[in-house]
Structures are given as C-alpha cells and as structure tokens.
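Each residue of the sequence shown is one higher than the one before, counting from 102 in the numbering used here.
Backbone N, C-alpha and C define an ideal beta-carbon position, used for all residues, glycine too.
These numbers come from a predicted model, not from an experiment.
Working notes for the structure below.
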Amino acid sequence: MGEERKSRLRITSLVLGLVVLTCLAPLQAQDSESSLHDRVTAEIQQGKLDAALADARLAVGQYPKSSELYQLLGVVLFKKGLNDDARTAFRRAIELDPSIPQNYYDVALVDLSEHRYDVAASRLESHLRLDPTNAQAHLLLGRAYHNLNRTLPAIEQFKKALALNPQLPLAHYHLGYAYQSLGKLQDALNEFEAEITLNREFYDAYWLAGNIELGNNRLDSAEKLFRKGIAVNPQAYTAHYGLAQILMARKRFPEAEAELKMALAASPDNVKIHYALARTYQQMGKSADAQHEFQVCATLNARQQKERSGIAGAPAQP
Numbered sequence: 102m103g104e105e106r107k108s109r110l111r112i113t114s115l116v117l118g119l120v121v122l123t124c125l126a127p128l129q130a131q132d133s134e135s136s137l138h139d140r141v142t143a144e145i146q147q148g149k150l151d152a153a154l155a156d157a158r159l160a161v162g163q164y165p166k167s168s169e170l171y172q173l174l175g176v177v178l179f180k181k182g183l184n185d186d187a188r189t190a191f192r193r194a195i196e197l198d199p200s201i202p203q204n205y206y207d208v209a210l211v212d213l214s215e216h217r218y219d220v221a222a223s224r225l226e227s228h229l230r231l232d233p234t235n236a237q238a239h240l241l242l243g244r245a246y247h248n249l250n251r252t253l254p255a256i257e258q259f260k261k262a263l264a265l266n267p268q269l270p271l272a273h274y275h276l277g278y279a280y281q282s283l284g285k286l287q288d289a290l291n292e293f294e295a296e297i298t299l300n301r302e303f304y305d306a307y308w309l310a311g312n313i314e315l316g317n318n319r320l321d322s323a324e325k326l327f328r329k330g331i332a333v334n335p336q337a338y339t340a341h342y343g344l345a346q347i348l349m350a351r352k353r354f355p356e357a358e359a360e361l362k363m364a365l366a367a368s369p370d371n372v373k374i375h376y377a378l379a380r381t382y383q384q385m386g387k388s389a390d391a392q393h394e395f396q397v398c399a400t401l402n403a404r405q406q407k408e409r410s411g412i413a414g415a416p417a418q419p
C-alpha cells in the first residue's frame, strides 16, 4: 500500500472518529443530566435536603434549559420551606416547557400552603387541562374553590376526584363539608360516613357526622360517633363537647361534667363549653361552681368583644 493511500486512510479514520465523538457528545451530556436528576431524587428520598439542594443548584447551573431539573430544584426548596425560591424555580420550569403538567401542580402546592387560593386555582386549572385524570388535583382544586366561597364548582371537582378514585383520602370528607355548608345535611352525613369507612383514623369525619346526628336527635348514633372520635383523638375538644350535650340531655350530669372538663383542657377559652359546664353544675345543685363558670363566660365574652372591636392591644392614650 502506497504512503499516499495510507495517509488518506488515516485522515478518513480521524474524520470518522470525530464524527462519532460528535454524535456521542449529546448522549453523554444527557446521561450526565439524568445522573444528576437521579442523584438529587435519591437525596430527597433519603431526607438529605442540604445535599439535594446543593446538587440541584449545580444541576440547573450545568443545564439551565432543563425544565425537569428546575422542577426538582423547586421541590427541594419547597421542602426546606423556601417558598419564594421554590415558586421561582417552578415558574422557570414552566417557562422552559409549558407542556409538563407537574410544574403547574407543584407551584399550586406552594400557593395553597400560603392560602393563596385564587392563584392556586388558576395553576390547578392549567394542570388539569394537560392532565385531567389526576384525582388529587381535582380534590385540591375543589378545596381552593371552596375556600373562595365557590361551593358549587368545588362540589363538581370533588365529584370528579371521586369518579377517578373512589377511595381517594379526604375526598368524601371535603364533599361532605361542602354539602354541609349548603345545608344538605343528609348528603353531608353520607359523605362523612363514607370517609369513616375508608379512613378510620381521620377524626374530623366522626365529630361532624356526630353533630348532624345530634341535630337530628338521633342520640344513640351521635353518641357512638363521638365516642369513636374520642378514641381516635382524645385531645380534640369537639367530640367531648358533643358527647357532653348528649349526656346532659339524658340527665347523666356527672359524666357530662367529666366530658366538659376534658373539652376545656383542650380549649380553655371556649365560652360555649364554660356555659355548658355552668348549666351542668346548676343541674347538679353546685351553685357556687355554676356561678364561677358564668363569671368566666362573662369575662371571656368581654375580652372577645374588645378583640373584635380592636381595643385589645391598642396603645394607651396620652
């Protein structure tokens, strides 16, 4: 083989090698981006948030056009309570790729955590236009609507969530709460009972269902619900107070007194509970104790009236 031909072959081989390296470069960069993504994800799952944040910042510095990495940075920032920075990261992720539904969902979570329900609702609407099958997003949108006093649209979203996932935690509860706000108490009761069946450790469904049954004068059913609620959360005052009302109606005053005292341990400035205890003492013939509780009621009412009028905490006048 002549030297000239060997030279041409070496040049051709070099050119082909450069072409191959050029073709492989994007794949290697993508692998590196994927590796960073996996590393940060693993650190989040392990609770290593400081390391995750450092690596996420490094990742977006190396790949500033990656929507996925900005989304991951936002997740870490949100978990660390840096809401403003998290919101900025999620918005950047949306700018880089508006077609990814998760980014709208994530920034909505930040807004919901700050009770910015109108903004959160808008983000969730955008998310659901891209992914209408997300039951949790329908539930969160319903909660946002309900907090904006848009009860009927909220009910629609809760129903959509349940249609997608009939066992979605808290969906029946929130639907029941919305029905209750409209005065549809039987519908509300049905939903609270459905939540209890699915989520036996969720306290609020018990006492709300118990209150409805108490209002319907179905005392046996109400008592069972209140007692089950107390078993789930003995420190919560509402079920103790509800049970005390039943015991008072049945003239079991010493038991009612005990329940009211437990309720006051959890809510010591609750006027309704002090008043109920005063009436219980009256029925038990404990006049001095009753008078003391009535005086507590008067003091608390006066304090609350001052707070409502803006007097409490106001600077002294010269």
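- The Cβ atoms of residue 349 and residue 400 lie no closer than 8 Å to each other.
- In the DSSP annotation of this structure, the continuous segment of the alpha helix (DSSP H) that includes residue 292 starts and ends at 286 to 299.
- Taking the Cα of residue 205 as reference, the smallest distance to any Cα among 230, 365, 326 and 183 is reached at 230.
- 396 is the residue among 396, 173 and 233 whose C-alpha sits nearest the C-alpha of residue 376.
- Taking a cut-off of 8 Å for Cβ pairs, the region 195 to 210 and the region 231 to 248 touch, as three or more such pairs fall below it.
- Of the residues 157, 390, 339 and 166, the one whose Cα lies closest to the Cα of residue 187 is 157.
- In this structure residue 402 is exposed. Its beta-carbon is surrounded by fewer than 16 other beta-carbon atoms within 10 angstroms.
- Remark: C-beta atoms of residue 262 and residue 277 do not approach each other more closely than 8 Å.
- Secondary structure of residue 258 (DSSP, three-state): helix.
- Within the same chain, 347 and 350 come within 7 Å of residue 320 by CB-CB distance, once the 5 residues on both sides are set aside.
- Of the candidates 183, 176, 338 and 181, the residue whose Cα lies closest to the Cα of residue 194 is 176.
- One Cα belongs to residue 221, the other to residue 386, and the distance between them is close to 55 Å.
- Residue environment: residue 151 is assigned as exposed (fewer than 16 neighbouring CB atoms within 10 Å of its CB, all protein chains considered).
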